[in-house]
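Undergrad: Encoded as structure tokens, here's the structure I'll be asking about.
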């Protein structure tokens with residue numbers, strides 16, 4: 001009797017399993033059908049959904065720009081997918097581009113990758129220079145050129161840039177006997193990174209052992225290289241990082257700072273580095289506008305107003321992104337219009353007001369949200385003015401497809417070793433060996 | 001040996017349940033029908049099992065065999081992730097250059113050393129734990145569940161906690177070292193400390209798992225062996241050496257094989273141990289394993305051809321390890 005009952009029970013389970021599987025398959029198909037509908041001709045309410053693939057905190061949503069666009073265009077619906085780190089976002093993007101599938105209507109591209117995308121994937125993107133309202137003059141000249149192929153196709157439109165200044169702690173500078181007023185500080189090292197190192201030595205003498213003049217060797221070499229016209233590639237596209245005297249000079253200068261104990265042995269954006277900010281243990285950090293947000297996020301509340309912003313010895317750029325529209329997206333037309341709107345000066349200025357991403361459009365620099373911007377972390381310093389001035393003097397930099405790999409090699413396999421007691425020569429050898437191996441096909 | 005239902009029992013005329021219907025008393029039409037049915041029955045019997053196991057093999061072909069063959073093909077080319085269809089034939093170039101690739105051999109060495117310093121203590125500790133748990137304990141289920149908890153934790157979460165513990169400036173371990181008057185250790189940037197730290201994550205994660213396997217095997221050892229050993233005056237320790245260990249030999253061999261394979265594929269722990277440098281395994285590649293090197297070449301540097309060659313070389317190394325394991329286990333079996 002029991003056996004019979006279990007057998008029926010088992011049969012019931014099997015039938016149920018088969019039925020649910022079948023149902024699953026059926027609904028799977030039904031879902032597909034619905035998706036298809038959704039994308040091509042709008043959902044039940046007739047709206048078109050534009051999808052964006054972004055990384056990090058680009059802040060369009062936080063700045064309310066999607067909402068605004070949806071209000072202006074009632075038949076548009078905007079959705080974003082955000083991957084936190086570009087290291088994870090970019091390989092996936094390359095994969096989607098090469099297989100031409102799984103792409104969103106709009107894809108963000110980081111400045112470190114833009115050269116590679118322009119060089120190898122341009123045929124997968126629409127030409128944004130043809131979109132109504134898009135004009136090269138709307139962007140800083142060098143920013144526009146970074147996103148454009150040799151034959152003039154605009155693969156990506158610039159969102160923000162990262163004009164670099166130096167953020168410094170007024171209280172620590174005072175303790176060390178250095179000037180604290182922003183103009184005097186700027187004058188202290190104006191024009192030459194060697195003077196910056198000298199200032200660091202003075203700082204070290206006055207401040208003693210506990211704190212460091214600068215946060216990390218990576219931040220320093222990055223800041224020095226950010227102002228070079230040519231760093232890793234020459235204008236013809238050849239890799240020249242090993243023979244370019246500017247790169248070696250930046251490396252040696254950073255190594256010198258490390259040997260003199262002016263930079264702490266930290267890697268930026270790692271937990272230990274963040275804890276060091278929180279503990280107020282370094283006096284300066286190379287500082288694009290977005291860094292102010294990082295400082296604020298990682299600081300104790302008491303730190304507000306203790307910071308200030310001075311000009312960097314030489315102006316440079318750190319960071320910034322582009323938005324491109326892949327041809328295989330589902331709403332190419334709508335996406336182009338949206339990207340043009342999103343990167344227009346007014347929207348860039350709104351983004352800066354909320355997110356601190358500095359506009360890449362010169363027209364936006366004159367708008368009140370930017371020109372009059374102040375920041376509480378830095379004691380209401382006129383950051384809009386300071387960064388706009390830095391932005392004007394950034395040189396047009398040659399960027400190459402593997403810039404990121406080279407830069408990371410120089411920092412993480414190079415200058416960081418000097419802080420750990422290796423000689424600059426050993427560090428350089430380790431870095432170049434690593435980079436060469438990474439570049440070799 | 002197998003029982004075929006259609007041939008086992010001869011049909012019984014007038015029995016309670018008709019077996020195969022008798023053939024002689026039927027009309028030709030009925031006979032044809034019956035023959036058709038029987039053919040279908042036989043076909044069903046022969047082919048259905050294949051249909052039932054096919055999902056696994058289809059999936060294996062799609063996600064196992066095809067990638068294997070494709071990487072084999074790609075390893076003979078120069079091919080970049082940015083243009084995977086753009087292949088340039090280079091023959092065995094990608095393989096021959098592995099011989100002078102110091103980064104590969106560095107990674108191989110690291111894989112070996114991290115493998116040893118994680119597997120050996122791990123299995124010894126697992127054995128000890130299993131032995132203790134094998135005594136009658138109050139709340140033994142509780143201890144068993146607790147031991148399995150690290151295994152159930154995701155590597156990502158575990159590694160992040162370990163990274164904080166092993167931090168140079170604000171880590172708890174260095175704080176404790178400082179407290180007892182020892183120097184701070186830079187766990188991430190020095191070779192042996194970083195390898196020990198990575199191993200500790202592996203050990204933490206897998207010790208309980210192996211202990212439970214040992215425990216299961218120990219409980220299958222007949223109790224009378226221990227009783228007679230006790231009658232002969234053997235101490236607990238002697239019982240462990242002379243009864244438990246020999247009885248566990250096949251289990252130990254199994255865990256050694258599984259751990260060796262696991263160690264040679266070590267990836268997540270070292271990758272997450274230095275979140276920023278990621279796949280390079282530290283500034284001087286001091287804890288870069290083969291898995292990380294493969295990932296770095298393929299996904300960071302986008303050299304698919306080179307990465308494929310590394311993958312195949314790893315595969316061949318694993319086969320060699322497998323053969324060595326097999327030979328050793330045969331020797332052991334023969335000697336016992």
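Protein chains in written order, with the UniProt record's numbering: chain A, 1 to 441; chain B, 1 to 336.
We put the CB at the ideal spot given by N, CA and C, even for glycine.
If you're wondering where the values come from, they're calculated on a predicted model, not measured in any experiment.
#1: So is residue 380 (chain A) buried or exposed if we call it buried at 16+ other beta carbons inside 10 Å?
#2: On a CA-only basis, which of A:359, A:149, A:221 is nearest residue 412 (chain A)? Give me that one, please.
#3: Does residue 38 (chain A) come out as helix, strand or coil in the three-state DSSP assignment?
#4: Give the secondary structure of residue 244 (chain A) by DSSP, where H, G and I count as helix, E and B as strand, and everything else as coil.
#5: Taking the C-alpha atoms as reference points, what is the distance between residue 218 (chain B) and residue 208 (chain B)?
#6: Given a threshold of 16 other Cβ atoms within 10 Å of its Cβ, counted over all protein chains shown, does residue 210 (chain B) qualify as buried or as exposed?
#7: For residue 329 (chain A), which residues from the same chain have a beta carbon less than 7 Å from its beta carbon, with the 5 sequence-adjacent residues on both sides left out?
#8: Using only CA atoms, which one of B:48, B:206, B:229, B:255 lies nearest to residue 149 (chain B)?
#9: Which residues in the same chain have their Cβ closer than 8 Å to the Cβ of residue 407 (chain A), if we skip the five residues on either side of it in sequence?
#10: Beta-carbon of residue 198 (chain B) versus every beta-carbon of chain A: anything under 9 Å?
#11: Within 8 Å, do at least three Cβ pairs link the stretch 318-326 of chain A to the stretch 108-124 of chain A?
#12: Indicate whether at least one CB of chain B lies closer than 9 Å to the CB of residue 430 (chain A).
#13: By how many angstroms is the C-alpha of residue 347 (chain A) removed from the C-alpha of residue 136 (chain A)?
#14: For residue 68 (chain B), is the beta carbon positioned less than 8 Å from some heavy atom of the ligand SAM?
#15: Could you name the residues that DSSP lists as bridge partners for residue 82 (chain A)?
#16: Return the residues of the stretch 412-426 of chain A that lie within a Cβ-Cβ distance of less than 7 Å from chain B, sorted by chain order.
#17: Look at residue 415 (chain A) and residue 196 (chain A) and say whether their C-beta atoms are less than 9 Å apart.
#18: Under a Cβ-count criterion, where at least 16 other Cβ atoms within 10 Å of its own Cβ denotes burial, should residue 320 (chain B) be classed as buried or exposed?
#19: Just checking: is the beta-carbon of residue 24 (chain A) within a distance shorter than 9 Å of some beta-carbon in chain B?
#20: Please classify residue 147 (chain B): does DSSP put it in a helix, a strand, or coil?
#21: Just the Cα atoms here: how many angstroms apart are residue 158 (chain A) and residue 269 (chain B)?
#22: In the DSSP assignment, what are the bridge partners of residue 321 (chain A)?
#23: Does the beta carbon of residue 58 (chain B) come closer than 9 Å to any beta carbon on chain A?
#24: Can you have a look at residue 55 (chain B) and say buried or exposed, based on whether 16 or more other CB atoms are within 10 angstroms of its CB?
#25: Alpha carbon to alpha carbon, what distance is there between residue 287 (chain A) and residue 167 (chain A)?
#26: Does the stretch 256-270 of chain B come close enough to the stretch 110-125 of chain B that 3 or more CB-CB pairs lie under 8 Å?
#27: For residue 354 (chain A), which residues of its own chain have a beta-carbon under 8 Å away from its beta-carbon, when the five flanking residues on both sides are left out?
#28: Are the CB atoms of residue 283 (chain A) and residue 390 (chain A) nearer to each other than 9 Å?
#29: In whole angstroms, give me the CA-to-CA distance for residue 180 (chain A) and residue 203 (chain A).
#30: How about residue 83 (chain B): is its C-beta nearer than 9 Å to some C-beta of chain A?
#31: Using a Cβ cut-off of 9 Å (strictly closer), state whether residue 265 (chain A) contacts chain B.
#32: Which of the three DSSP states is assigned to residue 77 (chain A) in this structure?
#33: Quick one, which of A:395, A:99, A:125, A:100 has its alpha-carbon nearest residue 109 (chain A)'s?
#34: Are three or more beta carbon pairs between the stretch 160-178 of chain B and the stretch 191-206 of chain B nearer than 8 Å?
#35: Determine the DSSP secondary structure at residue 25 (chain A), reduced to helix, strand or coil.
TA: In brief:
#1: It is exposed - the Cβ of residue 380 (chain A) has fewer than 16 other Cβ atoms within 10 Å.
#2: Closest by alpha carbon: A:221.
#3: Residue placement at residue 38 (chain A) cannot be trusted, given a pLDDT of 41 that sits under 50; the coordinates are not used to answer.
#4: In the displayed model, residue 244 (chain A) falls within coil according to three-state DSSP, outside both helix and strand.
#5: Distance from the CA of residue 218 (chain B) to the CA of residue 208 (chain B), rounded to the nearest whole angstrom, comes to 15 Å.
#6: By the Cβ neighbour-count rule, residue 210 (chain B) is buried, with 16 or more other Cβ atoms within 10 Å of its own.
#7: Hits under 7 Å: 103, 104, 105, 335.
#8: For the options B:48, B:206, B:229, B:255, the alpha carbon positioned closest to that of residue 149 (chain B) is the one of B:206.
#9: Counting only Cβ-Cβ distances below 8 Å, and skipping sequence neighbours, we find 112, 222, 225, 232.
#10: Residue-level contact by beta carbon fails for residue 198 (chain B) and chain A, as no gap is shorter than 9 Å.
#11: Yes: at least three Cβ pairs fall under 8 Å.
#12: Nearest CB-CB separation between residue 430 (chain A) and chain B: below the 9 Å threshold.
#13: Their backbone Cα atoms lie some 17 Å apart in a straight line.
#14: Ligands are entirely absent from the displayed structure, and the ligand SAM is therefore not among its contents.
#15: Residue 82 (chain A) is bridged by DSSP to A:54.
#16: Within the stretch 412-426 of chain A, the residues whose Cβ lies closer than 7 Å to some Cβ of chain B are 412, 413, 416, 417, 420, listed in chain order.
#17: Cβ atoms of residue 415 (chain A) and residue 196 (chain A): not closer than 9 Å.
#18: Label assigned to residue 320 (chain B): exposed.
#19: A caution first: residue 24 (chain A) carries a pLDDT of 42, below 50, which makes its placement in the model unreliable, though a value can still be read off. In terms of beta-carbon proximity, residue 24 (chain A) stays away from the interface with chain B, with every pair separated by 9 Å or more.
#20: Three-state DSSP puts residue 147 (chain B) in a helix.
#21: The straight-line gap from Cα to Cα measures roughly 37 Å.
#22: In the DSSP assignment, residue 321 (chain A) is bridged to A:110.
#23: With its beta carbon at least 9 Å from every one in chain A, residue 58 (chain B) lies outside the interface.
#24: Of the other Cβ atoms in all chains shown, fewer than 16 fall within 10 Å of the Cβ of residue 55 (chain B); this residue is therefore exposed.
#25: Cα-Cα distance, rounded: 6 Å.
#26: The stretch 110-125 of chain B is in contact with the stretch 256-270 of chain B.
#27: Excluding sequence neighbours, residue 354 (chain A) sits near 59, 62, 63, 64.
#28: No.
#29: Distance between the alpha carbons of residue 180 (chain A) and residue 203 (chain A) is about 12 Å.
#30: Yes, its Cβ sits closer than 9 Å to a Cβ of chain A.
#31: It does: the Cβ of residue 265 (chain A) has a partner Cβ on chain B nearer than 9 Å.
#32: Strand at residue 77 (chain A).
#33: Ranking A:395, A:99, A:125, A:100 by Cα distance to residue 109 (chain A) puts A:125 first.
#34: Yes: at least three Cβ pairs fall under 8 Å.
#35: Confidence at residue 25 (chain A) is low in this model, with a pLDDT of 43, below 50, so its placement is unreliable and the value that follows should be read with caution. Looking at residue 25 (chain A) - three-state DSSP - the assignment turns out to be helix.
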